[in-house]
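In what follows, a single structure is set out as structure tokens and then discussed.
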Amino acid sequence: MFIIFLMLGLIIGSFLNAVVYRLNAVESLWERSHCPKCKRQIRWHDNIPLLSFLLLSAKCRDCGEKISCSYPAVEFSTGILFALVGKYFFVLENTATYLPTFFFLVMFSLLLIIFVYDLKYMEIPMLILWIAVGAVLVYYLAIDWKAFSGATSIFSLKLFSGILAGAVAFAFFFALAHFSKETWMGYGDAYAGLLVGLLVGWPEIFISLMLSFTIGALFGIGLVLFRKKTMKSQVPFAPFLVLGIFLTILLPRIFPQLKFFLFYI
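Using the numbering used here, read the sequence shown as starting at -15 and increasing by one per residue.
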């Protein structure tokens, strides 16, 4: 199953690349893929995830325009994430794992779009973010409906836990954006924080934010040391929030020992 989910992820990753580009260019998602420069349609054999990038030597077959390394990077990352979801969430013989598996595949795809879009364009795609928020709420309503009668506390209900964590994260980032006049954080990061809280819940939100800020700080220090940025340069923060979500959800499952150090979801 690992290979099947990996291959599915590579295919979906190619689609996510198109979504990121077309959202910014305000183009239809249903048109055939084309070169951003010469606008020639990409042949099917030039659109094979990872492989076509290598065979074309990272250039458009028609005009020779260089293909960004972000395309295979997104395909590879999506493949790995899908494979991990398949390995640690999906059990073929257990139908109860089907819905959570589908949910995390969808959520990880939406989160990757937010990650790449903010990294490329310094802007959070609000349409995708609100779709993700809606998906989380619908999923939690579905699972809490069954678990409500056996719940030992309101914190054991995903919906309540997520709303509480989302509200705290939103208020925190909104305050940072307001008092810094968006020099530390943008208001878009507050809405991203809302999504983080909804998805990881309470009290895991603190672990997720800690991981996000730690990774962001290390990355920022690296950019300054290598003189890619200065201390006053702005760096998109949504990618680090997304990484924090991935790590908070996946690490305790990949390394079960971590559940004694991290809150387990």
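Every residue gets a Cβ at the ideal spot worked out from N, C-alpha and C, and that includes glycine.
Which of helix, strand or coil DSSP assigns to residue i
{"i": "Gln241", "result": "helix"}
{"i": "Lys212", "result": "coil"}
{"i": "Lys23", "result": "coil"}
{"i": "Lys165", "result": "coil"}
{"i": "Leu235", "result": "helix"}
C-alpha gap between residue i and residue j, whole angstroms
{"i": "Gly(-7)", "j": "Phe163", "result": "41 Å"}
{"i": "Phe27", "j": "Ala153", "result": "Rather than Phe, the amino acid found at residue 27 in this sequence is Arg. Taking the straight line from one Cα to the other gives about 45 Å."}
{"i": "Phe230", "j": "Ala2", "result": "22 Å"}
{"i": "Leu103", "j": "Asn8", "result": "12 Å"}
{"i": "Val120", "j": "Leu68", "result": "20 Å"}
{"i": "Tyr123", "j": "Leu202", "result": "34 Å"}
{"i": "Ile64", "j": "Asp46", "result": "31 Å"}
{"i": "Val208", "j": "Ala126", "result": "46 Å"}
{"i": "Ser145", "j": "Ile233", "result": "15 Å"}
{"i": "Lys20", "j": "Phe66", "result": "Lys is not the amino acid found at residue 20; the sequence shown has Pro there. Those two C-alpha atoms are separated by around 28 Å."}
{"i": "Ile199", "j": "Phe156", "result": "18 Å"}
{"i": "Ile(-5)", "j": "Lys71", "result": "18 Å"}
{"i": "Leu182", "j": "Tyr175", "result": "11 Å"}
{"i": "Met169", "j": "Pro220", "result": "9 Å"}
{"i": "Met194", "j": "Leu227", "result": "11 Å"}
{"i": "Tyr105", "j": "Cys53", "result": "16 Å"}
{"i": "Phe158", "j": "Ile238", "result": "33 Å"}
Cβ neighbour criterion (16 or more within 10 Å) applied to residue i
{"i": "Val75", "result": "exposed"}
{"i": "Ile189", "result": "buried"}
{"i": "Thr62", "result": "buried"}
{"i": "Ser36", "result": "buried"}
{"i": "Ile112", "result": "buried"}
{"i": "Tyr55", "result": "buried"}
{"i": "Val10", "result": "exposed"}
{"i": "Ile(-13)", "result": "exposed"}
{"i": "Phe92", "result": "buried"}
{"i": "Phe210", "result": "exposed"}
{"i": "Gly206", "result": "exposed"}
{"i": "Leu160", "result": "buried"}
Cutoff 8 Å; reference residue i; Cβ partners in own chain excluding five residues on either side
{"i": "Lys43", "result": "Glu49, Lys50 and Ile51"}
{"i": "Leu178", "result": "Val117, Gly150, Ala151, Ala153 and Phe154"}
{"i": "Ser(-9)", "result": "Correcting the residue identity first, residue -9 is Met in this sequence and not Ser. Closer than 8 Å at the Cβ level, and outside the excluded window around Met(-9), lie Gly63."}
{"i": "His18", "result": "Arg24, Gln25 and Ile26"}
Whole-angstrom C-beta distance between residue j and residue i, which should lie under 8 Å
{"i": "Ala149", "j": "Gly172", "result": "Not quite, the Cβ-Cβ distance comes to about 19 Å (not below 8 Å), so this is no contact."}
{"i": "Pro84", "j": "Ile97", "result": "21 Å between Cβ atoms; not a contact."}
{"i": "Ile115", "j": "Leu94", "result": "6 Å"}
{"i": "Ser196", "j": "Phe224", "result": "4 Å"}
{"i": "Arg6", "j": "Leu13", "result": "6 Å"}
{"i": "Val100", "j": "Val4", "result": "5 Å"}
Residues near residue i in its chain [Cβ-Cβ closer than 7 Å; skip 5 each side]
{"i": "Asp128", "result": "Leu141, Lys142 and Leu143"}
{"i": "Asp30", "result": "Ser36, Leu40 and Arg45"}
{"i": "Phe73", "result": "Thr81, Pro84, Thr85 and Phe88"}
Same chain, Cβ closer than 6 Å to residue i, neighbours up to 5 away in sequence not counted
{"i": "Ser(-2)", "result": "Pro33 and Glu59"}
{"i": "Ala222", "result": "Ile98, Asp102, Ile108 and Ala176"}
Proximity test, residue i beta-carbon vs the ligand ZN heavy atom, cut-off 7 Å
{"i": "Tyr72", "result": "As presented, the structure is devoid of all ligands, the ligand ZN included, so that no description of it is given."}
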